[in-house]
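2 protein chains.
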Amino acid sequence: MAEPAKRPLTLRDVSEASGVSEMTVSRVLRNRGDVSEATRQKVLEAAKSLGYVPNKIAGALASQRVNLVAVIIPSLSNMVFPEVLSAISDVLDDTPLQPVVGVTNYRKDREEKVLYEMLSWRPSGVIIAGIEHSDASKAMLRGAGIPVVEIMDTDGTPIDAAVGISHRRAGRMMAEAILKAGYRRIGFLGTKMPLDHRARKRFEGFTEALAKAGLEIADQEFYEGGSALGKGREMTETILKRSPDLDFLYYSNDMIGAGGLLYCLENGIDVPNDLGLAGFNGVELLQGLPRRLATMDSCREEIGRKAAEIVLARVEGDEAGPSGQNIELTPKIEHGDTLRKKPRDADYPE
Amino acid sequence: MAEPAKRPLTLRDVSEASGVSEMTVSRVLRNRGDVSEATRQKVLEAAKSLGYVPNKIAGALASQRVNLVAVIIPSLSNMVFPEVLSAISDVLDDTPLQPVVGVTNYRKDREEKVLYEMLSWRPSGVIIAGIEHSDASKAMLRGAGIPVVEIMDTDGTPIDAAVGISHRRAGRMMAEAILKAGYRRIGFLGTKMPLDHRARKRFEGFTEALAKAGLEIADQEFYEGGSALGKGREMTETILKRSPDLDFLYYSNDMIGAGGLLYCLENGIDVPNDLGLAGFNGVELLQGLPRRLATMDSCREEIGRKAAEIVLARVEGDEAGPSGQNIELTPKIEHGDTLRKKPRDADYPE
DNA sequence: GTGAAAGCGCTAACAT
DNA sequence: ATGTTAGCGCTTTCAC
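Written out as structure tokens, the structure is:
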């Protein structure tokens, strides 16, 4: 029953309460070095009854070790990132390392600030979303002298190590699957992309693959903010009214794709025959929809796990581990119910 | 162009590079005290060109101030908590305080551990979800000597301050609205609740209000884990097959409610006439559904904002601010398209 | 198995 | 406006 403490307790308080030197108390509390079972118990008891909570600030300063891993992501409202996070947490859970999250809102200036703040706590490693950073951010990351794992995207040169997928390739793969299924008049719906590099790269890969087949995006529509499901609905209505002859809609993420799917179903559009749909990410939400939206798994779980493992390996092995790796995972297309696997008999007889 | 630093830079390095004492460098970097514009520039330049990042560990130890606010929540995958978080961040954004998030997975033992870890960094305040904690957690919170704001739930006695809604009352209010609309055979669908106190309290308030009207829950169904949308769908099918005469389904959250709604629409059930539906939380996702699910706003934005403001006020005013407050917000029922406002002409002529 | 001394990188409090 | 001194609460290192 600790009284409303005025001054936080210190090792010294525990030392005095237990009649053991500060040093030995410290050893007990950290399970380090040999301590007799007798003193060990005395100390533990004293610490507990006082309600002592060690001061990690002091500990970190003295030991020059901080068991934190900075995890920097663009957003928490896009479910994709919490999922990566939870994979990271799972791996780190049985280790002394602890993730600490920073959010950038997809903004370079925020990223710089968040990074600076986090590095000033001298974490043991950094896991950061994306492979595009400002020069200042890159300089900080390089200068920090700690393992840095860039995640989600491998289209670029990592500072240290990277784990992700190639979004350019993902866009290409989806375009190829769509073409193979016989769709030809393809619309694109997505976020305004100046900020989201991965969405942009998927778009680029997508158009590139279409171009190779002599095709272009037939129409497109972009959105900003707001409820993704609602936006998907609205955008789908807009683009279909403007270009009723489209036979496929590629969405830059599953949430707007889901909104589009709901719109199509309500309006009696024959999916996937008259109109095919596909999103991106493979979010769990899709399991509950009336039809399974075609999508592409973005390997979030594995990315999080691998990233954490890399940091862990580097922190444990004092020497720099395998640096400079760029691990590209391969996303799989899920056709679901909205992307047929081959052309209808009637059309595109080629 | 900082070389791959071996040893992190210190104030001393900046001091030497700029020919100014460590103390003055420190003053410049913190914008504290009077420094001539000339030296100010010299220092800033030196710091920048070296790529110096201050060591907050040392700073915090020396100043006995840590501008972190521990925010402890059950989960990141339930969108409700990221929303509270983002309200907290917004308020704290223009202040020196910074939120740091810990996740408990709805488990008391995790909460204890997370709390211990966070307190060992000596944060300036704690914002913690829920008002139910283990004795050990309560002792830690009391002993920390910092402002503690318990959020989301006001049904209980706060340790220090609380901001939230009464979930018992929320459950009652929904029951009353449902009864007023003439529904009588009411089913409940929700999470297994040993862990989620707020869901439990809503359930209790709900059944209590039914009891007052001489009614009982006609059937119920519980779930664990999995995709909420999909689960809502499955549970709805199950409960309706078992009890086809139900005329209302009350879901413990909007996601399973949304799944239920989709199921009903697909199966041609007349909502809200033959069957009414309601969820809880007022999540944005609902905006994109074919019909607006009845729900109840859980005031997440305001809760986050108020909580952050309380911590802020207490940290700024050195003296303890208004302690012991228990701010109960009032959720509003949104009838949407799935809960009619009064009985059908035909039934329940009373 | 235990203790004493030194110092981690910074800032408060006092000089000047 | 700038510099000096003395810690902050722990851990490292070395002694016993």
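Line order of the protein sequences matches chains G and A. Each residue of the first sequence is one higher than the one before, counting from 1 in full-length UniProt numbering. Each residue of the second sequence is one higher than the one before, counting from 1 in full-length UniProt numbering. Ideal placement from N, C-alpha and C gives every residue a C-beta, glycine not left out.
Asked                                                                                                                                                                                                    : Found
Tell me which residues share the same chain as residue 353 of chain A and place their Cβ nearer than 6 angstroms to its Cβ, disregarding the 5 neighbours each side in the sequence.                     : Here chain A comprises residues numbered 1 to 350, so residue 353 of chain A is not present and cannot be evaluated.
What are the residues that DSSP puts in a beta bridge with G:Tyr251?                                                                                                                                     : G:Leu189
How would you label G:Ala199, buried or exposed, when you count the other beta carbons within 10 angstroms and need 16 or more for buried?                                                               : buried
Which partner residues does A:Ala313 have in the DSSP bridge list?                                                                                                                                       : For A:Ala313, which the question treats as bridged, DSSP gives no partner whatsoever.
Using the rule of at least 16 other Cβ atoms within 10 Å of the residue's Cβ for burial, across every protein chain shown, is A:Arg7 buried or exposed?                                                  : exposed
Of the residues A:Ala313, A:Leu195, A:Leu119 and A:Thr338, which one's Cα is nearest the Cα of A:Glu132?                                                                                                 : A:Leu195
Sort out for me which residues DSSP pairs G:Thr295 with in a bridge.                                                                                                                                     : G:Glu334
Answer with yes or no whether the minimum CB distance from A:Arg107 to chain G is below 8 angstroms.                                                                                                     : no
Determine, for A:Arg122, whether the minimum Cβ-Cβ distance to residues of chain G falls below 8 angstroms.                                                                                              : yes
Scan the stretch 292-309 of chain G for residues whose Cβ lies nearer than 8 angstroms to a Cβ of chain A and list them as they occur along the chain.                                                   : none
Starting from the C-beta of G:Leu229, find all residues in its chain whose C-beta is less than 8 angstroms away, skip the five residues before and the five after it, and write them out in chain order. : Met255, Ile256, Ala258, Gly259 and Leu262
With respect to the beta strand (DSSP E) encompassing A:Val163, which residues constitute its N-terminal and C-terminal limits?                                                                          : Ala161 to Ile165
Among A:Gly145, A:Thr39, A:Met152 and A:Val271, which one has its Cα closest to the Cα of A:Ala307?                                                                                                      : A:Met152
Count the other C-beta atoms from every protein chain shown that fall within 10 angstroms of the C-beta of A:Phe248, then say buried if there are 16 or more, exposed otherwise.                         : buried
On the criterion of 16 or more Cβ atoms from any shown chain inside 10 Å, does A:Asn253 qualify as buried, or is it exposed?                                                                             : buried
Could you list which residues in chain A have their beta carbon closer than 9 angstroms to that of G:Pro96, in chain order?                                                                              : None at all; the shortest Cβ gap to chain A is about 11 angstroms.
Listed from N- to C-terminal order along the chain, which residues in the stretch 63-87 of chain G have their beta-carbon within a distance smaller than 8 angstroms of any beta-carbon of chain A?      : Val66, Leu76, Ser77, Met79, Pro82, Glu83, Leu85 and Ser86
Within 10 angstroms of the Cβ of G:Ser26, are there 16 or more other Cβ atoms? Answer buried if so, exposed if not.                                                                                      : buried
Are there three or more Cβ pairs, one per stretch, closer than 8 angstroms when the stretch 46-62 of chain A is compared with the stretch 270-288 of chain A?                                            : no
Using 10 angstroms around the beta-carbon of A:Ala38, count the other beta-carbons present and answer buried if the total reaches 16, otherwise exposed.                                                 : exposed
Select from G:Leu289, G:His335, G:Pro244 and G:Trp121 the residue whose C-alpha is nearest the C-alpha of A:Cys264.                                                                                      : G:Leu289
Please state whether DSSP places A:Phe222 in a helix, a strand or coil.                                                                                                                                  : strand
Note down the Cα distance separating A:Ala181 from A:Pro244, rounded to an integer number of angstroms.                                                                                                  : 19 angstroms
Thinking just about the alpha-carbon of each residue, which of G:Gly145, G:Ala47 and G:His197 is nearest to the one in G:Ser166?                                                                         : G:His197
In the DSSP assignment, the alpha helix (DSSP H) including A:Glu37 goes from what residue to what residue?                                                                                               : Glu37 to Leu50
State buried or exposed for G:Arg314, treating a residue as buried only when at least 16 other CB atoms are found within 10 Å of its CB.                                                                 : buried
In chain order, what residues of the same chain have a beta carbon less than 6 angstroms from the beta carbon of G:Ala294, not counting five sequence neighbours either side?                            : Ala278, His335, Gly336, Thr338 and Leu339
Exposed or buried, what is A:Ser137 when buried is set at 16 or more other beta-carbons lying within 10 Å of its beta-carbon?                                                                            : buried
What residue does the beta strand (DSSP E) around A:Glu208 start on, and which one ends it?                                                                                                              : From DSSP, A:Glu208 is part of no beta strand (DSSP E) but of the alpha helix (DSSP H) over His197 to Lys212.
Could you tell me the distance, in whole angstroms, from the CA atom of A:Ile327 to the CA atom of A:Trp121?                                                                                             : 28 angstroms
Using only the alpha-carbon positions, how far apart do A:Ser21 and A:Ser15 sit?                                                                                                                         : 5 angstroms
Leaving aside the five residues before and after G:Ile178 along the sequence, list all residues of the same chain whose C-beta is less than 8 angstroms from its C-beta, in chain order.                 : Ile186, Phe248, Tyr250, Gly276, Ala278 and Leu339
Any idea what DSSP makes of G:Val20, helix, strand or coil?                                                                                                                                              : coil
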